[in-house]
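Numbering (UniProt numbering), first residue to last: 1 to 174.
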């Protein structure tokens, strides 16, 4: 797997070569190859220094490469957990998903009681649409099922802020 340095170098090379070409063609300014190499190295150091503030900017390429190759990513985690609904209530969780590469979309959800036991679950395959539309359809399917089956005292959760805001009326679809 390529590290960050290996991923950035081709982009920086292309960018600096493009700038050199444009300066020469349109600005009639000659930019030496040494200057291009210096700019690539400088931009790479600046880009990496955004995440690694302790990185010395005055190091040469070999020192810089050795430092960067030893970097370890900082991993952070946020615990995520599900809370049971209060007594006499049910909780409906829904989600939708869309895969543009496969032109597929789907929606699903789970209704659970106050003990966390599953009351109903659903999975719906649908024609291709956006992730937000899949979330809306998942919410619609789950809520409609709850109403049709007299589950009226529900807590509804989904992970799409856009859909939540639209439901509350604090956002309008674009």
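We put the beta carbon where it would ideally sit given N, CA and C, even for glycine.
Run through DSSP, which three-state label would residue 50 get? Counting from one through the chain shown, the residue named residue 50 turns up at place 50. Residue state, collapsed to three classes: coil.
Does residue 27 come out as helix, strand or coil in the three-state DSSP assignment? Here residue 27 refers to the residue found at position 27 of the chain shown. The answer is coil: DSSP assigns residue 27 none of H, G, I, E or B.
Under 6 Å Cβ to Cβ from residue 169, same chain only, skipping five residues before and after it: list those, please. As a position in the chain shown, residue 169 is number 169, starting the count at 1. Within the same chain, residue 169 has no close Cβ partners at all.
Cut-off 7 Å between Cβ atoms - residues of its own chain near residue 86, not counting five sequence neighbours on either side: The residue given as residue 86 occupies position 86 in the chain shown. Only 114 meet the Cβ criterion.
How big is the Cα-Cα spacing for residue 133 and residue 60? On the chain shown, position 133 is the one that residue 133 refers to. On the chain shown, position 60 is the one that residue 60 refers to. Straight-line Cα distance between these residues: approximately 51 Å.
Simplified DSSP assignment, three categories, for residue 1: Against the chain shown, residue 1 aligns to sequence position 1. Low per-residue confidence applies at residue 1: pLDDT is 43, beneath 50, and the placement is therefore not dependable, though the value from the model is reported in the following sentence. Residue 1: coil per DSSP, three-state reduction.
For residue 92, tell me which candidate among 159, 76, 106 has the shortest Cα-Cα distance. One-based indexing of the chain shown puts residue 92 at position 92. Among 159, 76, 106, the Cα nearest to that of residue 92 belongs to 159.
With distances taken from CA atoms, which of 167, 157, 162, 99 is nearest residue 84? Within the chain shown, numbered from 1, the residue matching residue 84 stands at position 84. When each option's Cα is compared against that of residue 84, the closest is 157.
Tell me, please, whether the CB atom of residue 110 is closer than 8 Å to any CB atom in chain C? Protein chains in the displayed structure number just one, and chain C is not present.
Assuming contact is defined by CB atoms lying nearer than 8 Å, are residue 131 and residue 106 in contact in what I supplied? Numbered from 1 along the chain shown, position 131 holds the residue referred to as residue 131. Numbered from 1 along the chain shown, position 106 holds the residue referred to as residue 106. No, they are not a contact pair.
In the structure shown, what three-state DSSP assignment does residue 94 receive? Looking up residue 94 in the chain shown gives position 94. Residue 94 falls in the strand class under three-state DSSP.
With respect to the beta strand (DSSP E) encompassing residue 108, which residues constitute its N-terminal and C-terminal limits? Walking along the chain shown from the start, residue 108 turns up at place 108. Per DSSP, residue 108 belongs to the beta strand (DSSP E) from 104 to 112.
Exposed unless 16 or more other CB atoms sit within 10 angstroms - verdict on residue 137: Here residue 137 corresponds to residue number 137 of the chain shown, with the count starting at 1. So residue 137 ends up on the buried side.
Helix or strand or just coil, what does DSSP make of residue 80? Locating residue 80 in the chain shown gives position 80, counting from the first residue. In the structure shown, residue 80 sits in coil (DSSP, three-state: anything other than H, G, I, E or B).
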